[in-house]
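Numbering (our numbering), first residue to last: 17 to 325.
Heads up: the structure comes next, in structure tokens.
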Amino acid sequence: MPSDEIIRVEHLVVAFGDFKAVNDISFGVMRGEIFGFLGANGAGKTTTIRTLCGILNATSGQVFVAGKDVAAATAVLKPYIGYMSQKFTLYPDLTVRENINFAGSLYNMSKERIAQRSQLLFDFIGMQKIPPGPVKDLSGGDKQIIALAAAILHDPELVFLDEPTAGTSPQMRQTFWRLIQRLAQRGKTVFVTTHYMDEAENCGRIALMEKGKMVALDTPASLKNSYFPKGIKELSFRQPRQQQIAAEIQRLGLGQPSAFADKLRVRVHDENAFDAFARGKNNIFSVQTVPPTLEDVFLKAVSGAGGTP
Ligand SMILES: Nc1ncnc2c1ncn2[C@@H]1O[C@H](COP(=O)(O)OP(=O)(O)OP(=O)(O)O)[C@@H](O)[C@H]1O
Ligand SMILES: [Mg+2]
Numbered sequence: 017m018p019s020d021e022i023i024r025v026e027h028l029v030v031a032f033g034d035f036k037a038v039n040d041i042s043f044g045v046m047r048g049e050i051f052g053f054l055g056a057n058g059a060g061k062t063t064t065i066r067t068l069c070g071i072l073n074a075t076s077g078q079v080f081v082a083g084k085d086v087a088a089a090t091a092v093l094k095p096y097i098g099y100m101s102q103k104f105t106l107y108p109d110l111t112v113r114e115n116i117n118f119a120g121s122l123y124n125m126s127k128e129r130i131a132q133r134s135q136l137l138f139d140f141i142g143m144q145k146i147p148p149g150p151v152k153d154l155s156g157g158d159k160q161i162i163a164l165a166a167a168i169l170h171d172p173e174l175v176f177l178d179e180p181t182a183g184t185s186p187q188m189r190q191t192f193w194r195l196i197q198r199l200a201q202r203g204k205t206v207f208v209t210t211h212y213m214d215e216a217e218n219c220g221r222i223a224l225m226e227k228g229k230m231v232a233l234d235t236p237a238s239l240k241n242s243y244f245p246k247g248i249k250e251l252s253f254r255q256p257r258q259q260q261i262a263a264e265i266q267r268l269g270l271g272q273p274s275a276f277a278d279k280l281r282v283r284v285h286d287e288n289a290f291d292a293f294a295r296g297k298n299n300i301f302s303v304q305t306v307p308p309t310l311e312d313v314f315l316k317a318v319s320g321a322g323g324t325p
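Pasting the structure below:
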């Protein structure tokens with residue numbers, strides 16, 4: 017394990033009965049990295065995170081955090097790790113303060129330290145006045161950001177955020193990402209899952225999970241480049257023929273089309289066959305090659321169309 021690696025996973029398998037939710041994955045995460053962990057529902061993201069935190073046991077394989085075997089050193093690693101679970105974990109009937117105090121007490125933090133850290137975090141998230149009522153009365157976004165504050169109150173080196181921005185407003189998502197970037201700037205490692213591809217652009221590297229397997233791992237730019245070295249075709253039309261052409265492209269197996277405003281974006285399978293097709297259609301006004309997005313990469317990787325390049 018290189019010394020700048022904070023996580024090392026070797027051939028991890030996590031099974032529930034006969035079902036392998038995580039099926040032989042190996043990877044490393046560097047210290048100070050924002051590591052995006054993406055995949056469709058049920059791909060095995062939460063299961064992996066829970067194993068990395070020592071909440072679930074590996075069925076086989078090994079997981080190291082800061083050079084220590086997680087299964088053997090869970091207690092030692094506890095202060096080192098912060099975990100914001102996908103399921104809401106604050107106590108709904110307690111106030112924000114009570115929840116924060118409770119989170120601090122789990123890490124044996126002194127009252128002064130809790131007050132100091134929570135002030136810092138609340139200042140950063142722009143919550144000047146801490147709401148006095150029970151957490152259950154807060155908006156969805158405020159609940160999420162307070163759950164994040166509770167998870168990082170003890171100032172952990174490694175933070176797992178499992179869909180932290182699910183169901184929050186664009187404005188709140190921005191606040192979350194400013195906080196995540198600030199953590200990374202301070203040398204913390206952030207391991208984050210999201211279904212929002214625009215958020216994934218903020219990650220240093222991205223791992224793509226599909227049905228328990230890791231199908232890709234690279235920087236956003238390299239993923240786009242390796243999955244779509246020739247870009248994406250964007251078609252515009254003389255007449256509104258978008259749906260008809262999309263159906264034809266699909267039927268002929270030329271690529272995967274998706275509507276984009278009044279245009280059509282096509283993840284082309286065979287460049288020559290596609291170009292010949294497009295030339296023969298006089299209601300296609302123009303064909304442009306445009307840069308791929310992470311959404312294109314994700315759809316190609318998880319659909320199995322083309323698979324790993
Ligand atoms: N305790 C469990 N017992 C049995 N099966 C489980 C258990 N926990 C998870 N699974 C199954 O393992 C698979 C992976 O689940 P997991 O929660 O890790 O996926 P995920 O990638 O986090 O999905 P999502 O994006 O929906 O959160 C799913 O099929 C899920 O039903
Ligand atoms: Mg999950």
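Ideal placement from N, C-alpha and C gives every residue a C-beta, glycine not left out.
Computed from a prediction, not measured in an experiment: that's the story for all the values here.
- Annotation for residue 129: the continuous alpha helix (DSSP H) segment containing it runs 127 to 140.
- Assigned with DSSP and collapsed to three states, residue 250 falls in strand.
- Per DSSP, the beta-bridge partners of residue 26 are 78.
- Between the C-alpha atoms of residue 59 and residue 235 there is a straight-line separation of about 20 Å.
- Taking residue 38 as reference, the option from 130, 290, 250 and 27 with the minimal CA-CA separation is 27.
- Taken from the Cβ of residue 179, at least one heavy atom of ligand 2 lies inside 8 Å.
- In this structure, residue 213 keeps its C-beta atom at 9 Å or more from the C-beta atom of residue 223.
- The segment 76 to 92 and the segment 240 to 247 do not touch, with fewer than 3 CB-CB distances between them shorter than 8 Å.
- Residue 71 counts as exposed, since fewer than 16 other beta carbons sit within 10 angstroms of its beta carbon.
- With a threshold of 8 Å, the Cβ atom of residue 160 does not count as near ligand 2, since no heavy atom of the ligand is closer than that.
- By alpha-carbon distance to residue 68, the top candidate from 299, 45, 270 and 249 is 45.
- Within the same chain, Cβ atoms closer than 6 Å to the Cβ of residue 134 are found at 116, the five residues on either side in sequence being excluded.
- Beta-bridge pairing by DSSP links residue 222 to 52 and 234.
- According to the DSSP secondary-structure assignment, residue 280 is paired through a beta bridge with 251 and 275.
- Those residues that bring their Cβ nearer than 6 Å to a heavy atom of ligand 1 are 32, 37, 55, 57, 58, 59, 60, 61, 62, 63 and 102.
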